[in-house]
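Enquirer: Under our numbering, read the sequence shown as residues 376 to 847, first letter to last.
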Amino acid sequence: MSTSDPSLRILFVWPDSPYLGILDVLPLGIGYLAANLPARYGLRLCDMALRPVSLEDLLAQIGDYHPHLIAFSTWGFNLNSTAALAQRIKAANPRIPIMVGGPEPSAQGEQILADHPEFDFAIAGEGEFPFAEFLRLLEQDRCSPDDLQRACIPGLLFRKDGRVRASEGTTWRELSDLKPCDFAFIDLEAYFSKGYSYGFHARARRTAPVATTRGCPYDCSFCSARKINGRKLRCRSLDSVVTEIQDLQRNFGVDGFNIIDDNFTFDIRFAKEVCRRIIQLDLPDVSFNCPNGVRLERLDQELLELMKQAGWDWIFIAPESGSEKTLRRMKKAMDLHAVVEKIKLIHAAGLHVFGFFIIGYPGETRKDIGMTFRFARRAGFDGAVFTAFHPLRGTPVYEELERNGELRETNLNSDYYEVSYAPAGMTPFELRCLRLYGTGRFYLSSLKRLSLILRHKSMGNILLFARKLIAS
Ligand code: B12
Ligand code: SF4
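Spelled out as structure tokens, the structure:
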């Protein structure tokens with residue numbers, strides 16, 4: 376990727392985090408940015424989650440490489456480590472600008488720069504286009520606040536006269552020209568050798584994420600995906616999806632593909648075409664999974680049969696709650712009777728069904744949580760996970776809780792296993808106990824479910840998950 380005398384040198388950093396222990400998140404954002412930048416730039420990645428790097432080593436790398444920009448990819452779970460590293464880098468190298476992008480800056484918008492003087496710039500939303508635009512200016516030494524204001528790079532956040540400024544416009548573009556993630560740059564092979572594996576695959580040894588669409592038109596009040604990818608569903612070209620799958624299989628030996636779209640089946644015709652093209656590829660011994668879940672109202676018999684034929688074993692859906700009251704509050708637009716009917720359809724296609732549920736949503740009582748556990752047990756799910764509600768910045772429910780002074784800030788920069796919120800009348804400890812109880816009862820009340828989960832090849836992941844549930 377880097378040339379011998381690049382016009383710009385960019386050092387990407389993917390910081391480690393206590394919530395990244397099971398290596399299930401890849402620095403995909405960095406892989407996409409790298410793939411979509413002009414070849415004349417020199418790019419390096421310091422992946423501190425993959426290989427332990429001390430602060431001294433990082434500072435030495437910076438001294439050696441002399442980057443023109445240091446760029447962090449930042450989620451909520453690594454915000455603390457990003458900020459701590461940026462402070463130390465700034466103290467040692469005050470002239471090197473630091474930029475952050477990713478889910479957390481997208482969710483926070485201007486607040487990320489207001490709270491963190493150690494970050495010089497941020498980009499909210501999809502990064503490929505605005506980052507390339509920003510680097511074009513940096514290359515020409517035109518990054519003064521006036522230059523940036525004039526340039527109007529969508530999603531860019533910067534400071535002018537001590538105030539945070541945001542450029543107008545959305546960063547969401549059609550995906551026809553988007554190059555897929557550069558998996559060699561993020562060293563997928565090294566991730567495999569460290570045991571990276573994600574999703575529910577019966578046989579796969581090497582799994583990789585593939586995105587076929589971006590965007591989600593739904594309004595779930597706990598979700599911040601819209602802030603990153605917007606509401607309009609945009610599809611990649613079928614050819615580029617198929618080529619990416621073939622390349623991953625040929626170059627990295629990938630045999631388990633995780634479609635990580637927010638809403639793979641939203642455009643049901645597109646999803647069917649993807650499946651048909653996968654079937655035509657006739658790849659031996661590969662499996663597919665949608666580990667983020669799909670909207671069940673966008674599933675029909677034909678699609679389910681195509682998914683089965685293409686290599687899906689499990690369908691993940693996210694009813695989130697068994698309480699109609701909570702579902703209304705979540706703006707989930709989910710009909711629980713329809714869930715039961717769709718589960719029958721999924722089973723009829725020879726597929727297993729896994730459910731995601733949230734407990735402890737604002738306004739919930741023990742009765743609501745009990746309804747969720749009962750619904751999960753009785754609706755026909757073969758597997759389920761119950762996570763405690765985690766308020767994410769940039770979501771309507773977070774803003775509502777903040778407005779009402781209901782937010783007990785415990786550890787928001789963490790993952791869903793950490794119980795960082797409990798609704799009025801409950802404690803985080805009680806929610807932890809309820810989560811264990813609900814999970815235990817779900818699996819122990821059905822021999823079929825228990826044996827299905829115990830026989831599963833992803834058992835290593837399941838055990839790690841169970842350990843997290845108990846330890847948190
Ligand atoms: C697939 C997915 C996962 C996968 C992992 C995918 C991976 N990267 O390997 C799995 C299922 C493992 C996962 C796990 C979690 N996830 Co998740 N996940 C997603 C999902 C659907 C897509 C993420 C993704 O990889 N997209 C593709 C890449 C290319 O996008 P990206 O990283 O955002 O990068 C783009 C931009 O952000 C930006 N960008 C990124 N970095 C940088 C850097 C710079 C310098 C610039 C300029 C731009 C930039 O440009 C990139 C290209 O456009 C998003 C929702 C969404 N639509 O984003 C939620 C989402 C990111 N996840 C979320 C959460 C909360 C989690 C968990 C913490 C939940 C949990 N179980 O506890 C865990 C992570 C912790 C853990 N250890 O398990 C939240 C994040 C909120 C936040 N502020 O951090 C999201 C937004 C969903 C939500 N509920 O709102 N997730
Ligand atoms: S939870 Fe899923 S369906 Fe709801 S808004 Fe987020 S991505 Fe869309």
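Note that beta-carbon positions come from the ideal geometry of N, C-alpha and C, so glycine has one too.
If you measure between the beta carbons of I561 and L702, is that distance less than 9 Å?
Expert: No; because the gap between Cβ atoms is not below 9 Å, this pair is not in contact.
Enquirer: If I measure Cβ to Cβ from Y818 and keep anything under 8 Å in the same chain, skipping five residues before and after, which residues do I get?
Expert: Same-chain partners within the cutoff: R824, L825, I828.
Enquirer: Quick check on P592: buried or exposed, where buried means 16 or more other Cβ atoms within 10 Å of its Cβ?
Expert: Exposed is the call here.
Enquirer: Give the DSSP-derived three-state secondary structure of H441 in the structure shown.
Expert: Three-state result, H441: coil.
Enquirer: For the ligand SF4, enumerate in chain order all residues having a CB closer than 5 Å to any of its heavy atoms.
Expert: Chain-ordered list of matching residues: C591, Y593, C595, C598, A600, D637.
Enquirer: By DSSP, does F632 sit in helix, in strand, or in coil?
Expert: Note: F632 maps to strand in three-state DSSP.
Enquirer: Anyone know if the C-beta pair for G697 and H727 falls short of 9 Å?
Expert: Result no, Cβ atoms of G697 and H727 do not sit closer than 9 Å.
Enquirer: Is the beta carbon of T587 less than 9 Å from the beta carbon of V629?
Expert: Contact: no.
Enquirer: Would you check if the segment 781-801 and the segment 481-493 touch, i.e. whether three or more CB-CB distances between them fall below 8 Å?
Expert: Taking 8 Å as the limit for Cβ pairs, the verdict is that the segment 781-801 does not touch the segment 481-493.
Enquirer: Tell me where the beta strand (DSSP E) around N664 begins and ends.
Expert: Run containing N664: 662-664, per the beta strand (DSSP E) assignment.
Enquirer: Consult DSSP for V714 and reduce its assignment to one of helix, strand or coil.
Expert: Residue state, collapsed to three classes: helix.
Enquirer: If you follow the alpha helix (DSSP H) that T747 is in, where does it begin and where does it stop?
Expert: Start and end: 741-753.
Enquirer: Buried or exposed: which applies to G476, given that a residue is buried once 16 or more other Cβ atoms fall within 10 Å of its Cβ?
Expert: So G476 ends up on the buried side.
Enquirer: With a Cβ-Cβ cutoff of 9 Å, do A646 and R673 count as a contact?
Expert: Yes. Within cutoff.
Enquirer: Report the residue from G800, E431, L454, N468 whose alpha carbon sits nearest the alpha carbon of I445.
Expert: Among G800, E431, L454, N468, the Cα nearest to that of I445 belongs to N468.
Enquirer: Take P771 and list the residues in its own chain whose beta-carbon comes closer than 7 Å to its own, dropping the five residues that flank it on each side.
Expert: Here the set comprises S596.
Enquirer: Just mark E501 as buried or exposed, buried being the case when its beta carbon has 16 or more other beta carbons within 10 Å.
Expert: E501 comes out buried.
Enquirer: Going by the CB atoms, is the gap between P480 and A466 shorter than 9 Å?
Expert: Cβ distance not < 9 Å, so A466 and P480 don't count as in contact.
Enquirer: If contacts are defined as beta-carbon pairs under 8 Å, then I385 and P442 qualify, I think. What distance do you get, rounded to the angstrom?
Expert: So it is a contact: roughly 6 Å between Cβ atoms.
Enquirer: Just the Cα atoms here: how many angstroms apart are L806 and Y773?
Expert: If you take the alpha carbons of L806 and Y773, they lie about 19 Å apart.
Enquirer: Going by C-alpha to C-alpha distance, which of Q483, S821, L720 sits closest to S599?
Expert: That would be Q483, whose Cα lies nearest to the Cα of S599.
Enquirer: Assuming L531 contacts E485 under a Cβ cut-off of 8 Å, what Cβ separation, rounded to an integer in Å, is found between them?
Expert: Not a contact, Cβ separation roughly 11 Å.
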